[in-house]
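Single-structure report; data block below.
Protein chains in written order, with the numbering used here: chain A, 1 to 309; chain B, 1001 to 1309.
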């Protein structure tokens, strides 16, 4: 599982940072990639990565501001173009209005996609568990921005324990159905009468990862709830230390507030994105340093950076 | 007057070429820049130029395919952001539908622009002279694509002759109102009775430039009419020599057909754009070479290249 940041700028692109998008790469787990937000030019950024658009099976939109959605029609259209690849369907989760935007754009431009899009439009009173498969769950909660904005908590379900096959074989268990029973946690009795206790040969289930990805927001309790014990929290940092007032006015957070959220939630790692184009590289170092006084394991991410989770 | 190509790819962006847009820089003439098409990521490309978005006063859209319009909402939104600059109004010309697309995008994203946009929606039966100011005229005609697509002919009106002030002064004409009268083409009588013939001191009016910018199209008579005696013809070249059949099928032209249009129209210079991502740099040289056998003054343009007109 990796996270790759495709656009880390706030509001407008700069030469160094494009507008918002990030990819959660679940290739090892489910052979899919999930996109969070899709600002203009996301498809151009994807060209600079190893991500194959067809692998993108779900897109989660945090809110409808242009710097988070204007890349959707182009991405969806270009995704249809790749010849010789299977046309895989796609699901889009986001605030009510996202469907109208996408369908109007595709209709006006005469785009007919060879795959199906399922829209899951979310309302403030219809959040909570918004998606569940056998391996993942996604919870959503309302943040505190100038328009309805969503934070997502992606929970990987606990992973089965792995079987110590060598030890099992050494104990005289023949390959075959008995192996499978032990792997599924059942004790078995061998032909010679010995009982094999499954838990002796199975590592305990491993807890799945928790990844919290927030949209634009002021500091708010919902952020803390979404990020409780998260392995990774991705939080906006449109403003820096001391900018609390202007951040609040514009519905955003400072690096310090993001760090407070991470600390209060007991998150393990904090990535700051949605960084104002005002910040130069020296300021970025300062953003990180200041935040680290509250939450040490913090990093201000750049476009195209990828992290193992 | 300059032309700068912002995106020269066909259909989808590649690493080297973004989707369609070009800027006609009329800064010396009227202190404005006109944009032709605005594919996704045009605002990112503009960041790499000296163009100030506020100077863009008119946008001409050739057709509604996504690779020609999906950059409009983002460009229009970001154009509003620039602090400390005058908020200048903007006009958009393009096929019926462009207004719905722009307004839906701005509405869904909650964007409220601090400047005014005037839409001039064009229909196949409402083309011809679509814009006229004291210095420029723009004609439009219908091309032959898979959807309604427009070609534009930008005509700079003839420029007044310049006054040979030094010669006039040497003839004993004092600075002042008499100078102005001669500049305006009127003969004047000096206090000493001598008559000054204006045309002796004025260079003849200089013909203005003609710039023809076409959208996606098969080879068609309308292209030739739009490009008659043009100083510059910008023509798509989605396909190469020998690809006539597939070009026709998809509503596009080859480099050879573009060269034929330039030759038949008596244009002076041909720029080929809208180049398929299939073409590598070696192929691009071949595209140019092949076209030059029909029309020698041809060039396959790249993103960000600028030419004096």
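Cβ coordinates follow ideal geometry from the N, Cα and C atoms, glycine included.
- According to DSSP, residue 273/A shares a beta bridge with 236/A.
- Close CB contacts of residue 118/A within its chain, under the 8 angstroms cut and outside five residues either way in sequence, are with 89, 90, 91 and 92 (chain order).
- Counting only runs of at least 3 residues, the segment 79-144 of chain A fully encloses the following beta strand (DSSP E) elements, listed from N- to C-terminal order: 90-95, 117-122, 128-132 and 136-142.
- Inclusion of residue 75/A and residue 38/A in the CB contact set at 8 angstroms is warranted, their separation being smaller than that value.
- Shortest Cα-Cα distance from residue 28/A to any of 156/A, 264/A and 200/A involves 156/A.
- Within the segment 1031-1062 of chain B, complete alpha helix (DSSP H) segments of at least 4 residues are found at 1042-1047, given in chain order.
- Contact check for residue 1151/B against residue 1212/B passes: the beta carbons are separated by less than 8 angstroms.
- The way I'd put it, the segment 56-67 of chain A does touch the segment 93-110 of chain A; three or more beta-carbon pairs between them come closer than 8 angstroms.
- If you draw a straight line from the Cα of residue 131/A to the Cα of residue 1111/B, it is about 30 angstroms long.
- Secondary structure note for residue 155/A: its beta strand (DSSP E) is the uninterrupted segment 150-156.
- Fully enclosed beta strand (DSSP E) runs of no fewer than 3 residues occupy 270-275 and 298-300 of the segment 253-304 of chain A, in order along the chain.
- Taking the C-beta atoms as reference points, residue 275/A is found nearer than 8 angstroms to residue 237/A.
- By the 16-neighbour rule on beta-carbons within 10 angstroms, residue 259/A is buried.
- Here the alpha carbon of residue 201/A sits roughly 15 angstroms from the alpha carbon of residue 194/A.
- Residue 31/A counts as exposed, since fewer than 16 other beta carbons sit within 10 angstroms of its beta carbon.
- For the pair residue 297/A and residue 234/A, the CB atoms are not nearer than the 8 angstroms cut-off.
- In this structure, residue 1073/B lies away from residue 43/A, with their beta-carbon atoms at least 8 angstroms apart.
- A distance of 8 angstroms or more separates the beta carbons of residue 304/A and residue 214/A.
- In this structure, residue 5/A sits away from residue 40/A, with a CB-CB distance that is not shorter than 8 angstroms.
- With respect to chain A, the C-beta atom of residue 1047/B has a partner C-beta closer than 8 angstroms.
- At least one beta carbon of chain A lies nearer than 8 angstroms to the beta carbon of residue 1108/B.
- Taking C-beta atoms as the reference points, residue 226/A and residue 255/A fail to come closer than 8 angstroms.
- Listed along chain A, the residues sitting closer than 8 angstroms to residue 1015/B by beta-carbon distance are 47 and 48.
- Close to residue 100/A, with beta-carbon spacing below 8 angstroms, are these residues of chain B in chain order: 1104 and 1108.
- Counting C-beta atoms within 10 angstroms of its own C-beta, residue 104/A has 16 or more neighbours from the protein chains shown and is therefore classed as buried.
- As DSSP reads the structure, residue 1166/B sits in no beta bridge.
- For residue 1179/B, the uninterrupted alpha helix (DSSP H) segment begins and ends at 1177-1183.
- Residue 1069/B carries a helical assignment under DSSP once its states are collapsed to helix, strand and coil.
- Between residue 1025/B and the set 1053/B, 1011/B and 1019/B, the nearest pair of CA atoms involves 1053/B.
- As for any beta strand (DSSP E) of minimum length 3 sitting wholly inside the segment 188-214 of chain A, the runs are 210-214, ordered along the chain.
- Not flagged as an interface residue toward chain B: residue 114/A, since no C-beta distance is shorter than 8 angstroms.
- When the beta-carbon positions are compared, residue 253/A and residue 217/A come within less than 8 angstroms of each other.
- Per DSSP, the unbroken beta strand (DSSP E) holding residue 1021/B starts and ends at 1021-1026.
- Taking residue 1308/B as the centre and dropping the five residues before and after it, the same chain places the C-beta of 1001 and 1002 closer than 8 angstroms to its C-beta, in chain order.
- Contact between residue 1159/B and residue 1206/B holds, since their C-beta atoms are separated by about 4 angstroms, short of 8 angstroms.
- Identification of residues in the segment 169-186 of chain A having a C-beta nearer than 9 angstroms to some C-beta of chain B yields an empty set.
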